[in-house]
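What follows is a single structure, written as structure tokens, with notes after it.
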Amino acid sequence: MNLLRPDSFDKVLLPNAEAHCLPAWCYSDEEFFELERKAVFGRAWVGVGRQELLGKRGDYRTLEVAGTPIIIVRGEDNELRAFSNACRHRGMRLLEGEGSCNAIACPFHGWKYKLNGDLLGVPHMEQAVGFDRKAFGLTSVRLGVSDGFIFVCLDPDQVSLTEWLGDFSERHAPYGFEHLRCTWQTTYEVACNWKPFVEVFMEYYHLKWVHAGTFDSIDYKPPIPHEVTTGNYTTVFGFHNEGSAAVIEADAAG
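Numbering (this note's numbering), first residue to last: -7 to 246.
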């Protein structure tokens, strides 16, 4: 199957009033998903969290981007860095989950790395001829911070984060994102392809039926004009006609 046949997407690229959805197989085909992992997530600057969640020197968290295991850690110099979560010796995964450490130690053969990725300790390698410790630091992954949000990029040839985001900071300046702090979070696993999750979040069409009694009071008058940005992002804005209020589930439960 030719996944990128132009005639498969002709109607998708029409003006909004004429456009069709993606072909159904784009949401379920494993080969297409693998192509997306490489061509989209493997090349883009991907948002991975907030910088205040790694507030202390030595704080780290692990994650995967496009199938690549990554460590994000705050160094002794207070800088955030990202590395491949694999020992340079045998490729052993170095860390799991999140936590705090003074150094990154491999659980397989005990190789130890500084928080800046430099190789610190190598057991029983004193007799290895020509071994250059400086050549075996952790593999760096590009990392940038904008408005308190952490982004990583696997593509060394991708443009800078600033160029990628375009007018993101300017457009969101009134919200002062860099001054906000995440104090509570929860995680949900949703049994769906990533695209419908994003698509549903970006439309108001479903509010009257799915959110009856809550958000159904929003005056939906289609079509909502498309907001033009100069960066690789999009945004949703809803008028707060009845104020802005929310209760964290844990607080609501008492």
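Positions of the beta carbon are idealized from the N, C-alpha and C atoms, including for glycine.
Practice item. Using the Cα positions of residue 7 and residue 158, report the straight-line distance between them to the nearest angstrom. Key: Numbered from 1 along the sequence shown, position 15 holds the residue referred to as residue 7. Numbered from 1 along the sequence shown, position 166 holds the residue referred to as residue 158. Whole-angstrom Cα-Cα distance: 24 Å.
Review point. According to DSSP, is residue 1 helix, strand or coil?
Key: Your numbering for residue 1 matches position 9 in the sequence shown. In this structure, residue 1 counts as coil in the three-state DSSP scheme.
Check your understanding: Taking 9 Å as the CB-CB cut-off, is residue 3 touching chain C?
Key -> The chain inventory of the structure shown lacks chain C, comprising one protein chain alone.
Review point. Helix, strand or coil for residue 208 per DSSP?
Key: Counting from one through the sequence shown, the residue named residue 208 turns up at place 216. Three-state result, residue 208: helix.
Review point. What did DSSP end up calling residue 126 once you bin it into helix, strand or coil?
Key: As a first step, residue 126 is located in the sequence shown; it is residue number 134 there, counting from the start. DSSP, read as helix, strand or coil, puts residue 126 in helix.
Check your understanding: Going by beta carbon distance, what residues of the same chain come within less than 8 Å of residue 44, once the five residues before and after it are set aside?
Key -> In the sequence shown, residue 44 corresponds to position 52, counting from 1. So the qualifying residues of the chain are 140, 173, 174.
Review point. Quick one: complete alpha helix (DSSP H) runs, 4+ long, within the stretch 114 to 174?
Key: Correct list: 153 to 157, 160 to 164.
Point to revise | Delimiting residues of the alpha helix (DSSP H) encompassing residue 188 | key: Counting from one through the sequence shown, the residue named residue 188 turns up at place 196. Start and end: 186 to 193.
Practice item. Would you tell me roughly how many angstroms separate the C-alpha atoms of residue 47 and residue 66, rounded to the nearest one? Key: One-based indexing of the sequence shown puts residue 47 at position 55. One-based indexing of the sequence shown puts residue 66 at position 74. Their Cα atoms are separated by approximately 8 Å.
Check your understanding: CB residue -4 to CB residue 23, shorter than 9 Å?
Key -> Position 4 of the sequence shown, counting from 1, holds the residue named residue -4. Position 31 of the sequence shown, counting from 1, holds the residue named residue 23. Not closer than 9 Å, so no.
**Study point:** Contacts around residue 59, its chain only, beta-carbon distance under 7 Å, and the 5 residues preceding and following it disregarded
**Key:** For the purposes of this step, residue 59 is taken as the residue at position 67 of the sequence shown. Within its own chain, the residues whose Cβ lies closer than 7 Å to the Cβ of residue 59, once the five positions on either side in sequence are excluded, are 29, listed in chain order.
Check your understanding: Which of the three DSSP states, helix, strand or coil, is assigned to residue 80?
Key -> Working through the sequence shown from its first residue, we reach residue 80 at position 88. Coil, per DSSP.
**Study point:** C-alpha gap between residue 19 and residue 182, whole angstroms
**Key:** Along the sequence shown, read from residue 1 onward, the residue named residue 19 stands at position 27. Along the sequence shown, read from residue 1 onward, the residue named residue 182 stands at position 190. Near 14 Å, if we compare the C-alpha coordinates of residue 182 and residue 19.
Review point. First and last residue of the alpha helix (DSSP H) that includes residue 27?
Key: Your numbering for residue 27 matches position 35 in the sequence shown. Here the alpha helix (DSSP H) through residue 27 covers 22 to 28.
Practice item. Have a look at the DSSP bridge pairing and note the partners of residue 55. Key: Residue mapping note: residue 55 aligns to position 63 of the sequence shown, counting from 1. In the DSSP output, where bridge partners are listed per residue, residue 55 has 62.
Exercise for review: Specify, as a first and last residue, the run of the alpha helix (DSSP H) that residue 202 falls within.
Suggested key: By 1-based counting over the sequence shown, the position of residue 202 is 210. First-last of the alpha helix (DSSP H) with residue 202: 199 to 202.
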